[in-house]
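The structure under discussion appears below in the form of structure tokens.
Protein chains: 2
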Amino acid sequence: MSPTIKVLLAEDQSMVREALAALLGLEDDIEVVAQVARGDEVLAAVREHAVDVALLDIEMPGCTGIEAAAQVRRSLPEVKLVVLTTFGRPGYLRSAMEAGADAFLVKDAPAAQLAEAVRKVLAGERVIDPTLAAAALAEGANPLTDREREILRAASDGSTNAELAKALHLSQGTVRNYLSTAIQKLAVRNRAEAVRIAREKGWL
Amino acid sequence: MSPTIKVLLAEDQSMVREALAALLGLEDDIEVVAQVARGDEVLAAVREHAVDVALLDIEMPGCTGIEAAAQVRRSLPEVKLVVLTTFGRPGYLRSAMEAGADAFLVKDAPAAQLAEAVRKVLAGERVIDPTLAAAALAEGANPLTDREREILRAASDGSTNAELAKALHLSQGTVRNYLSTAIQKLAVRNRAEAVRIAREKGWL
DNA sequence: CGGCAGCCATGACATCTGTCATACGCCACT
DNA sequence: AGTGGCGTATGACAGATGTCATGGCTGCCG
Chain A
30 MSPTIKVLLA EDQSMVREAL AALLGLEDDI EVVAQVARGD EVLAAVREHA
80 VDVALLDIEM PGCTGIEAAA QVRRSLPEVK LVVLTTFGRP GYLRSAMEAG
130 ADAFLVKDAP AAQLAEAVRK VLAGERVIDP TLAAAALAEG ANPLTDRERE
180 ILRAASDGST NAELAKALHL SQGTVRNYLS TAIQKLAVRN RAEAVRIARE
230 KGWL
Chain B
30 MSPTIKVLLA EDQSMVREAL AALLGLEDDI EVVAQVARGD EVLAAVREHA
80 VDVALLDIEM PGCTGIEAAA QVRRSLPEVK LVVLTTFGRP GYLRSAMEAG
130 ADAFLVKDAP AAQLAEAVRK VLAGERVIDP TLAAAALAEG ANPLTDRERE
180 ILRAASDGST NAELAKALHL SQGTVRNYLS TAIQKLAVRN RAEAVRIARE
230 KGWL
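These protein sequence lines are chains A and B, in that order. For what it's worth, our numbering labels the leading residue of the first sequence as 30, then goes sequentially. For what it's worth, our numbering labels the leading residue of the second sequence as 30, then goes sequentially.
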């Protein structure tokens, strides 16, 4: 039989991370050789442990799993990348694919799919929930410009226009213009809704 | 040796739930006898499987783990309750304790603490992160009235005053008054910040 | 080169939001 | 019986927010 598959697990919540490790540990052909809790530790760990497949949560301190995936893809293109996330947001799927992910799994899916996905990506297959893929295609690309996204993100904690203007070195009017166009593009009525919708779609 | 400890696992994300089950399955003295994905299925499952310890995630469809805990505590007071959550919000800890929980764990904690907590609550101990306990005490109780909470919750999706007034059968002025007092109590400057802070503290 | 998109800004306007004073009814506690 | 807290409501005011028209600057693409 072929040697075991070396897997890295990147997930910030220890309990979940170790539980997933226990789950994968039940598989004979899979070995979890490294665990990290931060996105910015992924690349070094992948390199150090000669990892075959990296399992990356999206929401992590340091940097997101998607950014980490892009880093690994650039430096070590032969490593397979599985992105794992709580939220099945179409925009996340899109960004993950653009970052070079081989699989995209939501934590809602049955646990069996995890080991399954690891084996499949190693065999050169791609693993994507078809429902999500359809949603991602149906929704189209992110309509927001970089600046609009940045300002929306900054506004998401309830900052006022004056604070945003100061923080971003803009005039208040400019901030309002950006927010206004973002509100129109997202077809909503105020910044709070705009933030919510953009979040839901994974556009923030 | 005593018979195995019968545990119920309530957590909406299958992958996490099954991973936690795998983790607990590694312990000789613990047996996961039931798994549910919704808060409103907890009570029936606990009853049916003669569960010793119920492990409850807070964020679940149906009803929250805290509400489920309260139900179990009322009907089957001898069952031990462990509340498990992603967010270490002091307000959550407080509500969990008021609902009769025996332990409160955050998913950030090392996985070993899970089995540990199961054994301890069965022995009659309480398990609470001392840092969180201190934070919960330092922060004081939720200053918001029922109505203020309700309106803040309704406002959290970006609804306008007119929509809130219609949805809650109130006058617009009343809605604004409630939001205004909530804003003052939370010492913030607008509804968006109020929603954010109340969420963070677990007061929503 | 010309056009278009993105970035930045201003001013004016309408509307929404947050504050304050005030008031009434209800309920619980003293 | 009085007090205080909560829920509800109104009206008035100031300030924040969203929209629109308009303009200048840059850089990319055809």
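The beta-carbon is built from N, C-alpha and C at its ideal position, and this holds for glycine as well.
- Apart from sequence neighbours up to five positions away, the residues of its chain that approach A:Ser200 with a beta-carbon distance below 7 Å are Ala194, ordered along the chain.
- Per the DSSP secondary-structure output, B:Val112 pairs in a beta bridge with B:Leu85 and B:Phe133.
- For A:Gln64, there is no enclosing alpha helix (DSSP H); the residue is found in the beta strand (DSSP E) stretching over Ile59 to Val65.
- Using beta-carbon distances, B:Gly187 counts as an interface residue toward chain A, with a partner under 8 Å.
- In this structure the segment 63-80 of chain B touches the segment 37-50 of chain B; the number of beta carbon pairs closer than 8 Å is three or more.
- Just so you know, the alpha carbons of B:Ala48 and B:Glu168 end up roughly 34 Å apart.
- About 15 Å separates the Cβ atoms of A:Arg123 and A:Leu110, ruling out a contact at the 8 Å cut-off.
- Residue pairing by DSSP puts B:Leu37 in a beta bridge opposite B:Ala63 and B:Ala83.
- In the DSSP annotation of this structure, the continuous segment of the alpha helix (DSSP H) that includes A:Leu181 starts and ends at Asp175 to Ala184.
- Proximity of the segment 76-94 of chain A to the segment 89-108 of chain B falls short of the contact definition, fewer than three beta-carbon pairs being nearer than 8 Å.
- Contact fails between the segment 141-157 of chain A and the segment 200-218 of chain A, because fewer than three Cβ pairs, one in each stretch, are under 8 Å apart.
- For B:Arg225, the nearest CB of chain A lies under 8 Å from its own CB, placing it at the interface with that chain.
- Note on geometry: alpha-carbon atoms of B:Leu105 and B:Gly153 lie some 16 Å from one another.
- Using beta-carbon distances, B:Glu47 counts as an interface residue toward chain A, with a partner under 8 Å.
- A:Ala196 is not a Cβ neighbour of A:Arg220, given a cutoff of 8 Å.
- If the five residues before and after A:Arg176 are omitted, its C-beta is found closer than 7 Å to the C-beta atoms of Tyr207, all from its own chain and listed in chain order.
- With a threshold of 8 Å between beta carbons, A:Leu143 makes contact with chain B.
- Boundaries of the alpha helix (DSSP H) around A:Leu208: Gln201 to Lys214.
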